[in-house]
Amino acid sequence: MRWFGYSTDDFLTGAVLSDGTTRAIVAMDETKGLADKLATEPWAHECVLAILETGWLEHGFDGQRLWPEDAPFKPTEAGFERDTLPLVRTLRPKRAVLLHVNGCLMGRTPTELDDLAAQHADLPITFARDGLTVSTD
Numbered sequence: 010m011r012w013f014g015y016s017t018d019d020f021l022t023g024a025v026l027s028d029g030t031t032r033a034i035v036a037m038d039e040t041k042g043l044a045d046k047l048a049t050e051p052w053a054h055e056c057v058l059a060i061l062e063t064g065w066l067e068h069g070f071d072g073q074r075l076w077p078e079d080a081p082f083k084p085t086e087a088g089f090e091r092d093t094l095p096l097v098r099t100l101r102p103k104r105a106v107l108l109h110v111n112g113c114l115m116g117r118t119p120t121e122l123d124d125l126a127a128q129h130a131d132l133p134i135t136f137a138r139d140g141l142t143v144s145t146d
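Every position in the sequence shown, counted from 1, becomes a number in our numbering once 9 is added.
Next comes the structure, spelled out in structure tokens:
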């Protein structure tokens, strides 16, 4: 296991889990701007599994903005569209499991989460839920 700091003053750490052949990356919270930080880190790219924060949603299923432009959490918290999707694109994992679903997605059902993942079919994302089993085969 290798730890890496990814916030101001390395206040938060993520982990790279490896068996010497395959790697998984875990960064479960406060991932705002992490895509830019990891873009130049070859060890972070093309892992078999990335476990990441979902982030807050900018828009609902109807396309309407969920939060005012000046919502106080936006400058400091990771956003799904602004931070998480670019992070998955940067890491290019075989599979990405997104956590922190309850508060960030305001009680969406598993079917709604599957629909949201399907809207980003170019990315290998799955939203975490109770009983989720992850295979990287």
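Where is the CB? At the ideal position from N, CA and C, for every residue including glycine.
Note down, in chain order, each residue of its chain lying with its Cβ closer than 7 Å to the Cβ of residue i, except the 5 sequence neighbours on either side.
i	result
Pro87	The sequence given here places Ala at residue 87; Pro does not occur at that position. Within the same chain, Ala87 has close Cβ partners Glu39, Thr40, Lys41, Glu62, Gly64 and Thr93.
When burial is assigned at 16 or more other CB atoms within 10 Å of the CB, is residue i buried or exposed?
i	result
Pro102	buried
His109	buried
Leu122	buried
Looking only at its chain, what residues have a beta carbon closer than 6 Å to the beta carbon of residue i, apart from the 5 residues adjacent to it on each side?
i	result
Pro95	Ala44
Pro133	Arg104 and Ala105
Can you give me the start and stop residues for the alpha helix (DSSP H) that residue i sits inside?
i	result
Ala127	Pro119 to Ala127
Thr99	Leu94 to Leu100
Sorted by chain position, which residues of the same chain lie with C-beta nearer than 8 Å to residue i's C-beta, five sequence neighbours on each side aside?
i	result
Gly69	Leu75
Compare the Cα-Cα distances from residue i to each of the options and report the closest residue.
i	options	result
Thr22	Leu122, Met10 and Arg91	Met10
Phe82	Ser16, Asp124, Val57 and Glu67	Glu67
Arg104	Glu50, Thr145, Asp28 and Ala36	Thr145
Ala36	Phe13, Thr49 and Glu78	Phe13
Leu58	Glu90, Val25 and Thr49	Val25
Ala33	Lys46, Tyr15, Asp139 and Trp52	Trp52
What residue range does the beta strand (DSSP E) around residue i cover?
i	result
Thr135	Ile134 to Phe136
Val106	Arg104 to Leu108
Task: Start-end ranges of the alpha helix (DSSP H) lying completely within the stretch 18-57, minimum 4 residues - done: 43-47
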